[in-house]
Amino acid sequence: MTQLNQTPPLHRPENLGQARTAARSMFDPSLLRPAIADAFKKLAPRTQLRNPVMFCVYVGSILTTVLWIAALAGDAEAPAGFILAIALWLWFTVLFANFAEALAEGRSKAQAASLRQAKHNVMAKKLNEPHPKSPIRITTSTDLVKGDVVLVEAGDVIPADGDVIEGVASVDESAITGESAPVIRESGGDFSSVTGGTRVLSDWIVVRVSVNPGEAFLDRMIAMVEGAKRQKTPNEIALTILLVALTLVLLFATATLLPFSMFAVDAAKQGHVVTITALVALLVCLIPTTIGGLLSAIGVAGMSRMLQANVIATSGRAVEAAGDVDVLLLDKTGTITLGNRQASSFVPAPGIAERDLADAAQLASLADETPEGRSIVVLAKQRFNIRERDLGLLHANFLAFSAQSRMSGVDLPNREIRKGAAEAVKKYVEERGGRFPQDVQSAVDEIARRGSTPLVVAESIEGRTRALGVIELKDIVKGGIRERFAELRKMGIKTVMVTGDNRLTAAAIAAEAGVDDFLAEATPEAKLSTIRAHQAEGRLVAMTGDGTNDAPALAQADVAVAMNTGTQAAKEAGNMVDLDSNPTKLIEIVEIGKQMLMTRGSLTTFSIANDVAKYFAIIPAAFATTYPQLRVLDVMHLASPSSAILSAVIFNALIIVFLIPLALKGVKYRALGAATLLRRNLLVYGLGGIVLPFPVIKLIDMVITALGWS
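Here the sequence shown is numbered in the UniProt record's numbering, starting from 1 and rising by one per residue.
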C-alpha cells in the first residue's frame, strides 16, 4: 500500500468542534454589527409583509411619518413634536423586531461560516476497480462523484462520504463527533458508513463515494444551520394565523373609534376628536407586537440550540415535533445502560485458578485505555488485590486492539497473553496446537445469553497454548436514569426500552431502570409495528437508530434521530442526525423541543397579557375629554394625555429588546406535566404580563415629564 503523506485535512477537529459547541456570547460585537445592519435591510416592504403583525406596525410608522411631515407643513392634527416622537418609537419597534430575528439568524450564519472556514480540499486515491490492488489515480476530493471508488490507508483522510465495500479499519471521527476514541468501520453490516474528513488510523478500506460534490455531510450541515432558510413550522403557522386574526379584530375595532369619536364630540359639544396618531398608537399597543416581533427569532434559536447540542435537524418541523413527543423508544445499550461495558466477573477454565485468570487478564489490559480495559484492571485489584506492577521489569510489549485480529494483548519474555472475542481467541489457540475447552465455550454462550459480552483470555508459554477463561463484561444501568424517566413520566411521556435481549433479561433491566414498557428480541418489523401501534393511539413517537434495519422504523417515527456513525440509509430516513452518536441524546432533544414550545407559549401569554396596562394608559388619554367618566381608568395617574400615549408606545418598543435574550436562550426547562406547566405559565407570564407594564409605564411617564417631552 502506498502512503500519501501531508494530506491537508478536510476540516480540522479543533475548528469544527468550536463551530459546533462554542456558544458565542449573545451580544458579541461580531454578531451585533451585522444584525443591526440586517435590521435596516429588513425594512423592505416585501420582507415586512412576511410578518403580518409587524407589517401593521410598519404601515403605522409610515402613516405617522406622513402625518409629521404634514404637521410641519401646517396641517397639524396634533403637535408636530408629539407626532414625531410617536413615529420614531414605532420605527424603533419595527427595527427591534427585525434586530431580534437578525440576531437569531446571525448566530446560525456564524455557525455555518465557521463550518465553511473549516472545509478544505484533500487528495484522494481513486481506483479504476473496487479492489485495493487496482491502479491508483491521484485526484482531489472535489473531483469525486457518486459511485467513484477510493482507497484510504492508515494516516489518510477520507475524502468524501461513502460506504466501505472492502476492508476494515480503525477511524478517528473526532473531526465530526469531538470524541477521541476511534471506531471500527468495515464492509457490510451497520458500520460501513464513513464521513468525509475523518481519518483512518490503522489498516485500510476501499470506499464507494455516496454523494456528489456539494452534497457531503459537511455541506448539508452548513445548509441546515442557515437560519434564513428556515421554513415555518405547523404550530408556528397556526399561531401566526391566530395573531393575524387578533390583529384584524383590533384593527377593525380601532378603525371604528374615529367615527364614534366624531359623533360623540358633535353630540356632546365638548372634547376633541381623537387623532389618527393616537389611534395608530392604540392599535400598535393593543395588537400582539411582542410575540409578533419575536416569533421568528424563537424558531431560529431552537434550531441553533439543537446544533449546540451537536444535533443537526433537517427542519424546524423536526425540532417542534420533538417538543410534542409523548412516546420515547430508547435503545438499552448506551442509553439506559452505560454502554461502556464493565468487567463484572472472571470465569476460569477447568484446572485454572480464578486468580491466575485475573492476573493474566490484568496484564493484557494494562495498556488498554478503553473503559472495558480499565474495568478489568480495577476488578482484578478489587477481587485479588493485584496491583503495583513495574512495567519496566516486565519488559512487556503491548499489542493494541486490531480490527483484523479482534484481539489485544501483551508479549512478555517466554509468554504471550491474548484477550479478545471468543472466535478470535479460539482461532489463536487452535492455530498454535492448543485445545479450546468445551466448558469455556459453554461459559461464553451462557454469558451471551444473559445479554453480557464475553471476552476470552489465552496464554502461550514455551509453545503450549491454552485458554485461561472468560471475562464477563456487563452493561450497568446508568445512575440517575430511573429519576430521569420519572421526570418524563410526570410530563406524560411514555418510555419504551428496545433491546435484542431475551424477555427475561429485558424485563430485569426494564424494572431496574424504571421504564414504562420494553420491547425484547426487537426486530425491524417489531420496532415498526410498535411505532405504528402508538401512532394509531394518537401519540407522537421518537426513536434513535443507526443501522440499515432501523431505516423503516426511523422513516415511520415522528422524530427520528439517526446516529452519525450509522449507515447512509439510517441518516436519510431520519429527520435529525446526532453528531455524537449518543443514543441518550434523544432525551435532550425532546427537552430542547419542549423548551422551544414553552418559550413560544410563555412569550405569547406575556404579549397578550401586557396589552391590559396599555389599554389603561391610552384609552383614558384619548377619550377622557369627550367622556370624562373614563378618567376612572387612569389608575396610573399619568401626567398628560400625550405623555400617556407616548409612554405606552415606548414600553411597547422596549419590551421587545428586553425579551430578546429570553427568546434566544429559551425559558428554563422544567419537567412538569401539561396542567402544571399551564398554571405556572399563567401565573408567571400571564400575571407578570398584566402587572409589570403598570410600574414601567408610570416610570417612563415620570422620565418624559422630567425631561419636558410631554
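Quick reminder that beta carbons are idealized off the backbone N, C-alpha and C, glycines included.
Legend entry - Burial state of Gln629 (16 or more Cβ within 10 Å): Along the sequence shown, read from residue 1 onward, the residue named residue 629 stands at position 629. Exposed, because fewer than 16 other Cβ atoms sit within 10 Å of the Cβ of Gln629.
Legend entry - Whole-angstrom distance between Leu307 and Lys332, CA atom to CA atom: Mapped onto the sequence shown, residue 332 falls at position 332. Mapped onto the sequence shown, residue 307 falls at position 307. Approximately 25 Å between the Cα atoms of the pair.
Legend entry - Closer than 8 Å to chain C by CB, Glu487: You won't find chain C in this structure, because it holds only one protein chain.
Inset, instruction - Verify whether the separation of the beta carbon atoms of Asp558 and Ala639 is less than 8 Å. - result: Taking the first residue of the sequence shown as position 1, residue 558 is located at position 558. Taking the first residue of the sequence shown as position 1, residue 639 is located at position 639. Going by C-beta atoms, Asp558 is not nearer than 8 Å to Ala639.
Legend entry - Residue interval of the alpha helix (DSSP H) (run including Met598): On the sequence shown, position 598 is the one that residue 598 refers to. That run of the alpha helix (DSSP H) goes Lys585 to Ala609.
Inset, instruction - Look at Ile376 and Ile471 and say whether their C-beta atoms are less than 8 Å apart. - result: Here residue 376 refers to the residue found at position 376 of the sequence shown. Here residue 471 refers to the residue found at position 471 of the sequence shown. In contact: Ile376 and Ile471 (Cβ atoms closer than 8 Å).
Inset, instruction - Confirm, please, whether the CB-CB distance from Leu239 to Arg680 is below 8 Å. - result: Locating residue 680 in the sequence shown gives position 680, counting from the first residue. Locating residue 239 in the sequence shown gives position 239, counting from the first residue. It is not a contact, given that the beta carbons lie outside the stated cut-off.
Inset, instruction - From the DSSP output, in three-state form, read off Gly292 for me. - result: Taking the sequence shown and counting its residues from 1, the one referred to as residue 292 is at position 292. Three-state DSSP puts Gly292 in a helix.
Legend entry - CB contact flag (Asn310, Asp578, <8 Å): One-based indexing of the sequence shown puts residue 310 at position 310. One-based indexing of the sequence shown puts residue 578 at position 578. Cβ distance < 8 Å, so Asn310 and Asp578 count as in contact.
Legend entry - Simplified DSSP assignment, three categories, for Asp156: In the sequence shown, residue 156 corresponds to position 156, counting from 1. Of the three classes helix, strand and coil, the one that applies to Asp156 here is coil, per DSSP.
Legend entry - Three-way DSSP call (helix, strand, coil) for Thr530 in this model: Locating residue 530 in the sequence shown gives position 530, where the first residue counts as 1. Helix, per DSSP.
Legend entry - Selected residue, minimal CA-CA separation from Phe123, among Gly106, Ser141 and Ser134: Here the question's residue 123 lines up with position 123 in the sequence shown. The displayed chain sequence assigns Met, not Phe, to residue 123. Nearest C-alpha to Met123: Ser141.
Inset, instruction - Going by CA-CA distance only, name the one from Asp203, Val209 and Trp204 that's closest to Ser193. - result: As a position in the sequence shown, residue 193 is number 193, starting the count at 1. Here the closest residue by C-alpha is Val209.
Legend entry - Where the alpha helix (DSSP H) containing Asn397 begins and where it ends: Numbered from 1 along the sequence shown, position 397 holds the residue referred to as residue 397. No alpha helix (DSSP H) holds Asn397; the beta strand (DSSP E) holding it covers Asn397 to Leu399.
Inset, instruction - Take Thr626 as the anchor and find which of Gln270, Pro661 and His637 has the nearest alpha-carbon. - result: One-based indexing of the sequence shown puts residue 626 at position 626. Comparing Cα-Cα distances from Thr626 to each of Gln270, Pro661 and His637, the minimum goes to Gln270.
Legend entry - Cβ pair Ile152, Leu127 closer than 8 Å: Sequence index remark: in the sequence shown, residue 152 carries index 152 (1-based). Sequence index remark: in the sequence shown, residue 127 carries index 127 (1-based). Inspection of the sequence shows that residue 152 is occupied by Val rather than by Ile. In this structure, Leu127 does not lie closer than 8 Å to Val152 by Cβ.
Inset, instruction - Determine the contact status of Leu298 and Leu603, defining contact as a CB-CB distance below 8 Å. - result: Numbered from 1 along the sequence shown, position 298 holds the residue referred to as residue 298. Numbered from 1 along the sequence shown, position 603 holds the residue referred to as residue 603. A small correction: the amino acid at residue 298 is Ile; Leu does not occupy that position in the sequence shown. The answer is yes: Cβ separation under 8 Å.
Inset, instruction - Taking all protein chains shown into account, decide if residue 725 is buried (16 or more other Cβ within 10 angstroms of its Cβ) or exposed. - result: Residue numbering for the chain in the displayed model covers 1 to 710; residue 725 lies beyond these limits and cannot be assessed.
Legend entry - Pairwise C-alpha distance: Leu664 and Phe658: Stepping through the sequence shown from its first residue, residue 658 is reached at position 658. Stepping through the sequence shown from its first residue, residue 664 is reached at position 664. So the two alpha carbons sit approximately 11 Å from each other.
Inset, instruction - Take Pro159 and list the residues in its own chain whose beta-carbon comes closer than 7 Å to its own, dropping the five residues that flank it on each side. - result: Walking along the sequence shown from the start, residue 159 turns up at place 159. Val122, Ala124, Ser141, Leu144, Val150 and Gly196, listed in sequence order.
Legend entry - DSSP-derived helix/strand/coil call for Leu328: Indexing the sequence shown from 1 puts residue 328 at position 328. If DSSP states are grouped into helix, strand and coil, Leu328 belongs with the strands.
Inset, instruction - Could you have a look at Ser192 and say whether DSSP puts it in helix, strand or coil? - result: Position 192 of the sequence shown, counting from 1, holds the residue named residue 192. Here Ser192 sits in coil by DSSP.
Legend entry - Local Cβ density within 10 Å of Thr676, reported as buried at 16 or more and exposed below that: In the sequence shown, counting from the first residue as 1, residue 676 sits at position 676. So Thr676 ends up on the exposed side.
Legend entry - Cβ shell of Ala507 (< 8 Å), same chain only, five flanking positions each side left out: To locate residue 507, count along the sequence shown from 1; it is residue 507. Cβ within range, chain order: Phe518 and Ala520.
Inset, instruction - Return the CA-CA distance between Gly635 and Asp611, expressed in angstroms with no decimal places. - result: Translated into the one-based positions of the sequence shown, residue 635 becomes position 635. Translated into the one-based positions of the sequence shown, residue 611 becomes position 611. Note on identity: in this sequence residue 635 is Val, with Gly being the wrong assignment. Rounded to whole angstroms, Val635 to Asp611 spans 15 Å at the Cα level.
Legend entry - Contact the region 478-495 vs the region 439-458: 3+ CB pairs below 8 Å: no
Legend entry - Pairwise C-alpha distance: Ser170 and His131: Here residue 131 is taken as the residue at index 131 of the sequence shown, counted from 1. Here residue 170 is taken as the residue at index 170 of the sequence shown, counted from 1. Approximately 19 Å between the Cα atoms of the pair.
Legend entry - Rounded distance between the beta-carbons of Thr93 and Ile656, thought under 8 Å: Within the sequence shown, numbered from 1, the residue matching residue 656 stands at position 656. Within the sequence shown, numbered from 1, the residue matching residue 93 stands at position 93. Contact holds; Cβ gap of about 7 Å.
Inset, instruction - Answer yes if the region 55-66 comes into contact with the region 81-96, meaning at least three C-beta pairs across the two stretches below 8 Å, and no otherwise. - result: yes
Legend entry - Ala253 (DSSP reduced to helix, strand or coil): In the sequence shown, the residue the question calls residue 253 occupies position 253. Helix, per DSSP.
Inset, instruction - Counting only the same chain and skipping the five closest in sequence on each side, list residues whose C-beta sits under 7 Å from that of Ile697. - result: The count along the sequence shown starts at 1 and reaches residue 697 at position 697. Same-chain partners within the cutoff: Ala613, Ala617, Met636, Ser647, Ala648 and Phe651.
Legend entry - Unbroken alpha helix (DSSP H) run spanning Lys571, endpoints: Mapped onto the sequence shown, residue 571 falls at position 571. Note, Lys571: alpha helix (DSSP H), Gln568 to Ala573.
Legend entry - Among Leu654, Tyr669 and Ser642, the one whose alpha carbon lies nearest that of Met708: Locating residue 708 in the sequence shown gives position 708, counting from the first residue. The sequence given here has Gly at residue 708, not Met. Out of Leu654, Tyr669 and Ser642, Ser642 has the C-alpha closest to the C-alpha of Gly708.
Legend entry - For Lys126, three-class secondary structure by DSSP: The count along the sequence shown starts at 1 and reaches residue 126 at position 126. Here DSSP, grouped into helix, strand and coil, assigns Lys126 to strand.
Legend entry - Alpha carbon of residue 720 to alpha carbon of Ser452, nearest angstrom: Limits of the chain in this structure are 1 at one end and 710 at the other, which puts residue 720 out of reach.
Legend entry - Closest Cα partner of Asn212 within the set Leu250, Ile62, Gly666 and Gly162: Position 212 of the sequence shown, counting from 1, holds the residue named residue 212. In this structure, Gly162 is the residue among Leu250, Ile62, Gly666 and Gly162 with its C-alpha nearest to the C-alpha of Asn212.
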